[in-house]
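In my numbering, the protein residues as written are 266 to 550.
Worksheet: one structure, shown below.
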């Protein structure tokens with residue numbers, strides 16, 4: 266039988282532990298969300314003249330955090346270091362555009378997609394226009410290290426007879442085209458269109474239709490974080506926020522079936538691992 270003194274001590278310890286737990290939870294809830302982008306991937310993320318970052322994904326992340334009632338810290342880093350940074354808990358999620366693939370869905374937990382992503386080649390004004398992939402034979406393609414574009418180049422270089430070079434940032438890959446070290450840069454259509462618009466010495470070429478989307482990845486053990494972000498993203502689609510950001514940064518109005526406006530019935534990207542098909546009614550403020 267416990268003595269009254271021992272029972273009182275145990276109750277005091279329990280209360281103290283509960284208080285400590287509540288303090289930790291509150292501290293976590295009030296701490297800024299930590300995330301990252303490749304800050305050279307214009308117009309998704311790029312440096313501002315006065316300091317800081319700007320771009321579609323910067324606006325997307327800041328609005329997402331606002332709706333979650335949190336502040337956000339967005340760090341610039343090379344794309345190849347983003348997923349390792351997420352898995353090491355340096356970041357809570359990645360606001361950089363990350364293409365959802367079956368391979369990535371095995372190791373990351375995604376929200377639903379917020380933009381469709383195709384692959385487009387960028388060449389110099391004097392480079393031959395590509396009408397079909399077979400015309401890449403003998404050419405050099407510059408790609409960003411760790412990106413889906415590197416994966417596509419690796420998987421198809423032998424098939425189509427081209428060589429590919431890997432760069433730490435996509436800006437470096439574009440520079441390789443401008444300096445003549447590469448014939449083409451392969452990147453997302455929005456990125457390539459922006460680069461061509463900003464630099465008259467460059468032009469867009471062949472586009473590979475993928476049927477893929479960009480989404481926000483979380484760690485596999487952070488289903489609560491993924492689900493909360495997914496709910497906020499659904500609300501941002503329903504009220505037109507994502508579409509407005511697309512108009513602002515890309516100059517086009519998303520169509521009715523595009524990922525920027527289409528709300529998934531469940532949570533995640535349909536047809537991939539980690540997708541929860543349970544019907545969701547978004548909770549919007």
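Think of the CB as a built atom: it goes at the ideal place given N, C-alpha and C, for glycine as much as any other residue.
Compare the beta carbon distance of residue i and residue j with 7 Å and say whether it is the shorter of the two.
{"i": "residue 297", "j": "residue 337", "result": "yes"}
{"i": "residue 532", "j": "residue 492", "result": "yes"}
{"i": "residue 377", "j": "residue 526", "result": "no"}
{"i": "residue 392", "j": "residue 448", "result": "yes"}
{"i": "residue 466", "j": "residue 386", "result": "no"}
{"i": "residue 394", "j": "residue 340", "result": "no"}
{"i": "residue 550", "j": "residue 379", "result": "no"}
{"i": "residue 497", "j": "residue 306", "result": "no"}
{"i": "residue 381", "j": "residue 478", "result": "yes"}
{"i": "residue 474", "j": "residue 383", "result": "yes"}
{"i": "residue 482", "j": "residue 401", "result": "no"}
{"i": "residue 390", "j": "residue 468", "result": "yes"}
{"i": "residue 250", "j": "residue 424", "result": "The requested residue 250 does not occur in the structure, where the chain is confined to residues 266 to 550."}
Compute the Euclidean distance between the alpha carbons of residue i and residue j, then round it to the nearest angstrom.
{"i": "residue 484", "j": "residue 530", "result": "22 Å"}
{"i": "residue 480", "j": "residue 324", "result": "15 Å"}
{"i": "residue 364", "j": "residue 516", "result": "21 Å"}
{"i": "residue 331", "j": "residue 520", "result": "26 Å"}
{"i": "residue 536", "j": "residue 416", "result": "21 Å"}
{"i": "residue 287", "j": "residue 499", "result": "Legend: pLDDT at residue 287 = 36, less than 50; position of this residue unreliable, no value from coordinates given."}
{"i": "residue 442", "j": "residue 486", "result": "41 Å"}
{"i": "residue 347", "j": "residue 362", "result": "11 Å"}
{"i": "residue 418", "j": "residue 464", "result": "24 Å"}
{"i": "residue 299", "j": "residue 349", "result": "14 Å"}
{"i": "residue 335", "j": "residue 512", "result": "26 Å"}
{"i": "residue 548", "j": "residue 501", "result": "11 Å"}
{"i": "residue 567", "j": "residue 440", "result": "No answer is possible for residue 567: the residues shown for the chain start at 266 and end at 550."}
{"i": "residue 421", "j": "residue 462", "result": "28 Å"}
{"i": "residue 278", "j": "residue 528", "result": "At residue 278, the pLDDT of 42 sits below 50, so the modelled position is not reliable and the matter cannot be decided from this model."}
{"i": "residue 397", "j": "residue 472", "result": "9 Å"}
{"i": "residue 445", "j": "residue 295", "result": "50 Å"}
{"i": "residue 345", "j": "residue 369", "result": "13 Å"}
{"i": "residue 327", "j": "residue 514", "result": "15 Å"}
{"i": "residue 366", "j": "residue 399", "result": "25 Å"}
{"i": "residue 476", "j": "residue 488", "result": "25 Å"}
{"i": "residue 375", "j": "residue 518", "result": "24 Å"}
{"i": "residue 329", "j": "residue 322", "result": "10 Å"}
{"i": "residue 343", "j": "residue 522", "result": "32 Å"}
Check whether the Cβ of residue i lies closer than 6 Å to any heavy atom of the ligand SAM, and answer yes or no.
{"i": "residue 518", "result": "Of ligands this structure carries none, so the ligand SAM is not represented either."}
Our contact map puts residue i next to residue j with C-beta atoms below 8 Å; I'd like the distance itself, whole angstroms only.
{"i": "residue 430", "j": "residue 460", "result": "At roughly 17 Å, the Cβ-Cβ gap does not stay under 8 Å, so residue 430 and residue 460 are not in contact."}
{"i": "residue 317", "j": "residue 308", "result": "The pair is not a contact, with the Cβ atoms about 15 Å apart (cut-off 8 Å)."}
{"i": "residue 426", "j": "residue 403", "result": "6 Å"}
Counting beta carbon pairs with one atom in the stretch 532-542 and one in the stretch 490-506, are three or more of them shorter than 8 Å? yes
Is it the case that the stretch 499-507 contacts the stretch 405-418, given that we only count it when at least three CB pairs across the two stretches are under 8 Å? no
Please confirm if the stretch 452-460 is in contact with the stretch 425-439, defined as three or more CB-CB distances below 8 Å between the two stretches. yes
If you pair each beta-carbon of the stretch 312-320 with each one of the stretch 353-371, do three or more pairs fall below 8 Å? no
Curious, which full-length beta strand (DSSP E) runs of at least 3 residues does the stretch 377-422 contain? 380-389 and 405-409
Kindly provide the ranges of any beta strand (DSSP E) runs that are 3 or more residues long and lie completely inside the stretch 432-494, ordered along the chain. 449-453 and 467-480
Of all the alpha helix (DSSP H) runs that stay within the bounds of the stretch 302-335, which reach a length of 4 or more residues? 321-332
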